[in-house]
Amino acid sequence: MFISAKSLADMTQMDVYPFKKYVLALGPGRDVPPGQSVNERYWVLSPGIWHDTQAPEPPDHPETVSAAALPYLRAYPHQLHLPTVYGECKLIDGPVLLLDNAPIDRHGRLMPTLGTAWAGTTPFRQVYWCWQLFNMWPHLFGMNMAASLTAPEAIHVDGWRIRLSNLIPGQPPLQNLANLIAALLSKSVPAVANNLRPVLEQCDGSQPNFDRILEQLNRVLLSQAMDMSLATQVAGSTSSGQLPHNEDACYPSKVELERSSPADLPSLPRIAVVCDGVGGHAGGEIASQTVVRSLQLQFRGLLTEIAEQEEPLPPYVVMGQIEAAIRVANNLVASQNDSQGRTERQRMGTTLVAALMIPQRIPTPQGYEEVNELYIAHVGDSRAYWITPEACHLLTVDDDVAGREITSGKSYPAAAYAHTDAGALTQALGTREADSLKPHVERFILDETGVLLLCSDGLSDNHRVETSWANYIGLIVKNIVPLPTAVESWVELANQKNGHDNVAVVLMSCTMTGDTVIIDDPITPPSITTQQDISYPTELTAASKALLYGESEEPTEMETPTEEKPRRSLQALVLSILLLIAVSVAGVAGVLVWQNLRPAAIPDDPQQEPITAPDS
Numbered sequence: 001m002f003i004s005a006k007s008l009a010d011m012t013q014m015d016v017y018p019f020k021k022y023v024l025a026l027g028p029g030r031d032v033p034p035g036q037s038v039n040e041r042y043w044v045l046s047p048g049i050w051h052d053t054q055a056p057e058p059p060d061h062p063e064t065v066s067a068a069a070l071p072y073l074r075a076y077p078h079q080l081h082l083p084t085v086y087g088e089c090k091l092i093d094g095p096v097l098l099l100d101n102a103p104i105d106r107h108g109r110l111m112p113t114l115g116t117a118w119a120g121t122t123p124f125r126q127v128y129w130c131w132q133l134f135n136m137w138p139h140l141f142g143m144n145m146a147a148s149l150t151a152p153e154a155i156h157v158d159g160w161r162i163r164l165s166n167l168i169p170g171q172p173p174l175q176n177l178a179n180l181i182a183a184l185l186s187k188s189v190p191a192v193a194n195n196l197r198p199v200l201e202q203c204d205g206s207q208p209n210f211d212r213i214l215e216q217l218n219r220v221l222l223s224q225a226m227d228m229s230l231a232t233q234v235a236g237s238t239s240s241g242q243l244p245h246n247e248d249a250c251y252p253s254k255v256e257l258e259r260s261s262p263a264d265l266p267s268l269p270r271i272a273v274v275c276d277g278v279g280g281h282a283g284g285e286i287a288s289q290t291v292v293r294s295l296q297l298q299f300r301g302l303l304t305e306i307a308e309q310e311e312p313l314p315p316y317v318v319m320g321q322i323e324a325a326i327r328v329a330n331n332l333v334a335s336q337n338d339s340q341g342r343t344e345r346q347r348m349g350t351t352l353v354a355a356l357m358i359p360q361r362i363p364t365p366q367g368y369e370e371v372n373e374l375y376i377a378h379v380g381d382s383r384a385y386w387i388t389p390e391a392c393h394l395l396t397v398d399d400d401v402a403g404r405e406i407t408s409g410k411s412y413p414a415a416a417y418a419h420t421d422a423g424a425l426t427q428a429l430g431t432r433e434a435d436s437l438k439p440h441v442e443r444f445i446l447d448e449t450g451v452l453l454l455c456s457d458g459l460s461d462n463h464r465v466e467t468s469w470a471n472y473i474g475l476i477v478k479n480i481v482p483l484p485t486a487v488e489s490w491v492e493l494a495n496q497k498n499g500h501d502n503v504a505v506v507l508m509s510c511t512m513t514g515d516t517v518i519i520d521d522p523i524t525p526p527s528i529t530t531q532q533d534i535s536y537p538t539e540l541t542a543a544s545k546a547l548l549y550g551e552s553e554e555p556t557e558m559e560t561p562t563e564e565k566p567r568r569s570l571q572a573l574v575l576s577i578l579l580l581i582a583v584s585v586a587g588v589a590g591v592l593v594w595q596n597l598r599p600a601a602i603p604d605d606p607q608q609e610p611i612t613a614p615d616s
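Residue numbering for the sequence shown follows the UniProt record's numbering, beginning at 1 and increasing consecutively.
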C-alpha cells in the first residue's frame, strides 16, 4: 500500500505524545510527601520527583543566580550526560532547586543506576558506560564536580548513555572512579573483567597517565564492538516552507542520489550533512551549498584514507581531521565574503550538523574486523537526534545567545530564553576566519537499531521532534514506509506545524545486521514542490549565480547558452574546493602522525556579537 509523505505527516499528528514535565527536586525543602501539591504548581510523584502541572509556563527562579544553581548552569554544554537547571522555589523547610533533563523516564521514575543495570546488560555496553565515565572526568574535574562520578547513587543509565542525577562537589583521585567500576566487574563476563582490570590498575597513584588510560580503554571498547554488524540507509530533502527562497541544503538529497556514480556508492550512506544558511537569499543559500559540497568531498577522502590504515585511529585524531575539514569549508565561505566586500552582518554564513560513519579496521589473529564509529559535528543551531523505539536522544547543544548566557552563569534558562535575541547564533561557518571557529565533534558507537535525524531549526523549533518522534520511529525501523517517504513526512510536518522557515532533513537508518546499503526510492515521488531539494547550480537564483559564479543577472549576447554555463561553473567550483583541500592536506595528514594532539575546549567569548540573518 502506497503512503504519501503528506498522508503520513497527517497520520502521525493524530496521537502526539503529551509533553509531561518531570523535574528533580534538590535541597532541604525537597522532602515533600508524595501526593502533595507544591506552590499550586508542582505535584509530588515520589520523593524528589515533581510533575510541573503548568508547563510550558516558565518556572519561578530568583533574580540572582544562586550558588546551588551555578554548577548546573556552567555544565549546560554537557546536556547529553548532565542535568540542567529548571527553576527554584522557596518552601518553609528551605529552598528547592529544580533540575530539568534529569534521568527520569516518561512515567516519572528515576532510571536505573549503573550498579543496578550492570549485570543485565551486554559486555559492550558495560565497557561503553566506562568509556563515557572516563570521558566526563576531565570536564567535571575542572568544575570541581568530579565526585559526581564516584557516587553510585548519582550515576544512572538511559539505554546506552550515562546520565547523572545531580552534581556533587569535590576532586577525588581518579582511583575512586576506577574502584567504583572494579566493584562491578564480578558481574561481568571474564573477557570484560580481564581486559578492564589492567586499565583500572593504571589509575592508581597521584599522577596517572590519563591519555594512556583512555587509549587502552578505547581498545577494549573496540574489541567488544567487533561482534556488531551495522547496515545504514540514508535519505534527505529540503523545502523552502512558506518563504520565497531556500537557504537550507543537505547531503545526500534525491538529486544527489540520482547523480551518483557506482564509485560513489560505498561512501554515500556513511555521510550526512545539513546546513542552514544565514545572510539572506543572496548569500545564505550559497554558504550552505558551498559547505555541503566541500564537506562531502573531504569526508569521502577521509573515509578512503582511514580504510587504508593498518590500525584504528584514536578518536581524537579522527576528530582533529573532521575539525580540519570544517575549517577548510569555513574558509571557502569566508573568502567569498572577503572578495565580495561583505562586512559585519552582511557576511553570509551557515550552520552545520554532520554525521560521518567511519569503519575502523581492527587487526585480529584471523584478519581484520570492522567497527563502525559515528562522529557527529555541529556548529550553530542545526541538530542531531538519535531515535530508537524507546527514546529520543538530542546529541547536540545549540550555539546561541541563550546558551552563552546560561553557560556563563549569568541567567537561568527560563530567563535566558525569554530574551528577544535568545535564538541568535553565537557562531556559524563562514562569518569569521577559521581561527575563531569552535566546532563541536563527538564520537559514538551504536549498539542498537535506530534512526539518526539531522535537521535545521525549521523542524526542531517548538519542540517538534521531541513531541513527534514516537509516531515515526516504528514505521521506519519496521520498514513499513521507505526512508525517503519518512524524510518527506518530516519535511511536511515542519511545513504544516512550523512553516516559518526553510527546513532540511536527513535520516540515516542504522540496523544492527547485514551490509551497508543505499536507499534510493525512484517510485516515491516528492509530495511537495521541487524547492524541497538542494538548489544545485542550475537551480540557483540569478543573484546567487552572480555571487557564486561571477555571472551577471542578465546574460549578454556573447555569453554561452544558460544550460552550459552552470556546468562549467560547477567544474570551476569543484576544482577550487579540491585546490583548497589539497592545500590543507599537509595539515590534515599531520594530524595523523601527531599522536599527542588533544583538541582543547575554548570557552565562548562573551563579548562576541551574535550572528543574525538580515535578509531572512
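Cβ coordinates follow ideal geometry from the N, Cα and C atoms, glycine included. This one's a predicted model, so the numbers in the text were calculated from it and none came from an experiment.
Quick check: the stretch 471–481 against the stretch 145–157, are there 3 or more CB pairs under 8 Å? no
Is DSSP giving S436 helix, strand or coil here? Three-state result, S436: helix.
Going by beta-carbon coordinates alone, are T23 and P123 separated by less than 9 Å? First, the amino acid is wrong: residue 23 is Val here, not Thr. Taking 9 Å as the Cβ cut-off, V23 and P123 do not qualify as a contacting pair.
Is it a yes or a no for the stretch 499–514 touching the stretch 232–239, going by three-plus beta-carbon pairs under 8 Å? yes
Give me the Cα-Cα distance between T304 and L332, rounded to the nearest whole angstrom. 23 Å
Taking the straight line between their C-alpha atoms, what separation do you get for V220 and N135? 15 Å
Selected residue, minimal CA-CA separation from Y107, among A75, V127, H51: It should be pointed out that residue 107 corresponds to His in this sequence rather than to Tyr. Answer by Cα proximity: H51.
Return the bridge partner residues of E448 from the DSSP annotation. Answer by DSSP bridge pairing: none, since E448 is not bridged.
Compare the C-alpha of L429 against each of L99, S186, L352, G499 and name the closest. For L429, the nearest C-alpha among the options comes from L352.
Secondary structure at S239, three-state DSSP: helix, strand or coil? It is a strand residue.
9 Å is my cut-off, CB to CB: does P95 come that close to chain C? In the structure shown, chain C cannot be found, because there is only a single protein chain.
Verify whether the separation of the beta carbon atoms of residue 639 and A178 is less than 9 Å. The chain is shown from 1 up to 616; residue 639 falls before or after that span and cannot be answered.
If you draw a straight line from the alpha carbon of A334 to that of P482, how long is it in whole angstroms? 38 Å
Let me confirm a value: D515 is counted as buried when at least 16 other C-beta atoms fall within 10 Å, else exposed. Which label applies? Confidence is the limiting factor: at D515 the pLDDT is only 40, short of 50, which leaves the residue's position unreliable, though a coordinate-based value still follows. Counting Cβ neighbours within 10 Å, D515 comes out exposed, since fewer than 16 surround it.
Roughly how many angstroms separate the alpha carbons of V38 and L114, rounded to a whole number? The alpha-carbon atoms of V38 and L114 are separated by roughly 31 Å.
Let me know the alpha helix (DSSP H) ranges lying completely inside the stretch 391–429, each 4 residues or longer, listed in chain order. 401–407, 413–416
Could you tell me which uninterrupted alpha helix (DSSP H) segments, each at least 4 residues in length, are contained entirely in the stretch 48–134, listed from first to last along the chain? 70–74, 114–118
First through last residue of the beta strand (DSSP E) which encompasses I272: First, the amino acid is wrong: residue 272 is Ala here, not Ile. Start and end: 271–278.
List the whole-angstrom C-beta distance separating V491 from V503, where the pair is believed to meet the contact cut-off of C-beta under 8 Å. 6 Å
By Cβ distance below 6 Å, which residues in the same chain neighbour K410 in space, the five residues on each side in sequence not counted? Once the five neighbours on either side are set aside, K410 has no close Cβ partner at all.
C-alpha gap between Q346 and I286, whole angstroms: Just so you know, the alpha carbons of Q346 and I286 end up roughly 13 Å apart.
Cβ-Cβ distance between A272 and L149 below 9 Å: no
So, at 6 Å on beta carbons, what are the nonlocal neighbours of R361 in its own chain, with the 5 sequence-adjacent residues on each side left out? Y368
DSSP state of G367, grouped into three classes? strand
Alpha carbon of H245 to alpha carbon of V278, nearest angstrom: 12 Å
Assign I358 to one of three DSSP states: helix, strand, or coil. strand
Which residue marks the beginning of the alpha helix (DSSP H) containing W469, and which one marks its end? 464–477
Straight-line gap, L437 to P610 (C-alpha atoms, nearest Å): 13 Å
Look up V481 in the DSSP assignment and say whether it is helix, strand or coil. coil
Report the partner residues of C455 according to the DSSP bridge assignment. R383, V505
Which value, in whole angstroms, describes the spacing of the CA atoms of G35 and G29? 16 Å
Could you check if G283 is buried or exposed, using at least 16 other CB atoms within 10 Å of its CB as the buried criterion? buried
Under the assumption that V96 contacts Y412 (Cβ atoms under 8 Å), give the Cβ distance between them as a whole number of angstroms. In fact, because the Cβ distance is near 14 Å, the residues do not count as touching under 8 Å.
Environment of E40 [buried if 16+ CB atoms lie within 10 Å]: exposed
D211: first and last residue of the uninterrupted alpha helix (DSSP H) it sits in: 210–225
Please report the residue range of the beta strand (DSSP E) in which L24 lies. For L24, the enclosing beta strand (DSSP E) covers residues 21–26.
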